[in-house]
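Student:
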Amino acid sequence: MLLIRCPYCGERAEVEFSNGGEAHIDRPADPMSLSAEEWAQFLYMRDNPKGLIAERWRHAHGCNRFFNAIRDTRTDRFVVTYEIGQPRPDVTPEQAAEAAR
1 MLLIRCPYCG
11 ERAEVEFSNG
21 GEAHIDRPAD
31 PMSLSAEEWA
41 QFLYMRDNPK
51 GLIAERWRHA
61 HGCNRFFNAI
71 RDTRTDRFVV
81 TYEIGQPRPD
91 VTPEQAAEAA
101 R
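If you're matching positions, the sequence shown starts at 1 in the UniProt record's numbering and goes up one per residue.
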């Protein structure tokens with residue numbers, strides 16, 4: 001079973017969480033001024049890297065709060081979780097290597 005550390009509740013089973021997509025996406029200041037293509041780009045186009053990605057998660061069957069996490073897409077291992085509103089933490093090469101194992 002995969003354990004995910006909620007920054008508010010501590011480690012819990014993955015079945016308690018839902019993925020909210022890529023983190024740190026800025027909403028356009030004036031969405032009405034965007035073309036249909038630009039709006040579609042904002043809504044649907046996201047990074048899909050092989051490796052580390054910053055994502056939003058929700059502790060749906062716990063505190064019900066959103067938080068951010070850096071996860072390795074190759075292994076599904078979480079490197080770090082942090083509260084919404086906090087800047088993306090720097091990940092050391094050691095942390096990245098550990099997540100890739």
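For glycine and all other residues, C-beta sits at the position ideal for the given N, C-alpha and C. All values derive from a computational prediction rather than experimental measurement.
Near T81, what residues of its chain come up, given a Cβ to Cβ distance below 6 Å and the 5 sequence neighbours on each side ignored?
Tutor: Taking the first residue of the sequence shown as position 1, residue 81 is located at position 81. Excluding residues within five positions, the ones whose Cβ falls inside 6 Å are R5, P7, F67 and A69.
Student: Any contact of the segment 38-56 with the segment 19-30, i.e. 3+ C-beta pairs under 8 Å?
Tutor: Yes, they touch.
Student: At what residues does the alpha helix (DSSP H) containing L43 begin and finish?
Tutor: As a working mapping, residue 43 is identified with position 43 in the sequence shown. Note, L43: alpha helix (DSSP H), A36 to Y44.
Student: Can you give me the C-alpha to C-alpha distance between Q86 and Y44, rounded to a whole angstrom?
Tutor: As a first step, residue 86 must be located in the sequence shown, where it is residue number 86. As a first step, residue 44 must be located in the sequence shown, where it is residue number 44. Cα to Cα, Q86 sits roughly 24 Å from Y44.
Student: Under 8 Å Cβ to Cβ from P49, same chain only, skipping five residues before and after it: list those, please.
Tutor: Residue numbering aside, residue 49 sits at position 49 when the sequence shown is read from its first letter. Within the same chain, P49 has close Cβ partners T73.
Student: So, A100 versus V79, is the Cβ gap smaller than 7 Å?
Tutor: Locating residue 100 in the sequence shown gives position 100, counting from the first residue. Locating residue 79 in the sequence shown gives position 79, counting from the first residue. No, they are not a contact pair.
Student: Got a sec: is the Cβ-Cβ distance from A99 to anything in chain D below 7 Å?
Tutor: In the structure shown, chain D cannot be found, because there is only a single protein chain.
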